[in-house]
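Peer 1: Take this structure first; my questions come after.
Structure (structure tokens):
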């Protein structure tokens, strides 16, 4: 009797792990087809000539604008034309097209709201960076395409 319970318990755990793995794969596959959006503090008419950063991603993404909820400006959104082109390996190497879309959305928002694309400050020193500084440099370079919008 104890052997049957153990085998049954292992079967349930194995089925749960398999289901979780399949669900994780589906989420990763669907991530490329989701809309990425930013709210821009301007009227929709002001975006009629498309901001230059959005024109740069027209080859890989579908772009749309609509009034933001609650009358809070304009929602500028984009999603990949080919969601299969995104993936974990490409994200780690910095070649994931979602990074380009995120960067373009951030740059367009900054350009419309301030008139220029705001960039992080340059390193405050001319000394060669330490190993920790090199890691920080990589993080700063990739920050435009990562994180929340």
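Residue numbers (the numbering used here): -17 to 131.
Glycine included, C-beta positions come from ideal geometry on N, C-alpha and C.
(1) Give the DSSP-derived three-state secondary structure of residue 77 in the structure shown.
(2) Using alpha carbons as the reference points, say which of 3, 88 and 20 lies closest to residue 51.
(3) Only counting runs of 3 or more residues, tell me where the beta strand (DSSP E) segments fall wholly within the region 32 to 77, in order along the chain.
(4) Which of helix, strand or coil does DSSP assign to residue 20?
(5) Between the alpha carbons of residue 89 and residue 36, how many angstroms are there, rounded?
(6) I'd like to know whether the C-beta atoms of residue 46 and residue 29 end up nearer to each other than 8 Å.
(7) Would you report the Cα separation of residue 64 and residue 84, rounded to the nearest angstrom?
(8) Could you have a look at residue 92 and say whether DSSP puts it in helix, strand or coil?
(9) With burial defined as no fewer than 16 other Cβ atoms inside 10 Å of the residue's Cβ, what is the status of residue 70: buried or exposed?
(10) Report buried or exposed for residue 162, applying the criterion of at least 16 other Cβ atoms within 10 angstroms of its Cβ.
(11) Among 18, 122, -6 and 23, which one has its Cα closest to the Cα of residue 101?
Peer 2: Reading it off the structure:
(1) Here residue 77 refers to the residue found at position 95 when the chain shown is read from its first residue. In the structure shown, residue 77 sits in coil (DSSP, three-state: anything other than H, G, I, E or B).
(2) The count along the chain shown starts at 1 and reaches residue 51 at position 69. Out of 3, 88 and 20, 20 has the C-alpha closest to the C-alpha of residue 51.
(3) Counting only runs of 3 or more, we get 43 to 49 and 56 to 62.
(4) In the chain shown, residue 20 corresponds to position 38, counting from 1. Of the three classes helix, strand and coil, the one that applies to residue 20 here is strand, per DSSP.
(5) Position 107 of the chain shown, counted from the start, is the residue given in the question as residue 89. Position 54 of the chain shown, counted from the start, is the residue given in the question as residue 36. Cα to Cα, residue 89 sits roughly 9 Å from residue 36.
(6) As a position in the chain shown, residue 46 is number 64, starting the count at 1. As a position in the chain shown, residue 29 is number 47, starting the count at 1. Contact: no.
(7) On the chain shown, position 82 is the one that residue 64 refers to. On the chain shown, position 102 is the one that residue 84 refers to. Between residue 64 and residue 84, the C-alpha separation is close to 15 Å.
(8) Translated into the one-based positions of the chain shown, residue 92 becomes position 110. The three-state reading of DSSP puts residue 92 in helix, counting H, G and I together.
(9) Working through the chain shown from its first residue, we reach residue 70 at position 88. By the neighbour-count criterion, in which 16 or more other beta carbons inside 10 Å mark a residue as buried, residue 70 falls on the exposed side.
(10) Here the chain has residues from -17 to 131 only, and residue 162 is not among them.
(11) Counting from 1 along the chain shown, the entry for residue 101 is found at position 119. Among 18, 122, -6 and 23, the Cα nearest to that of residue 101 belongs to 122.
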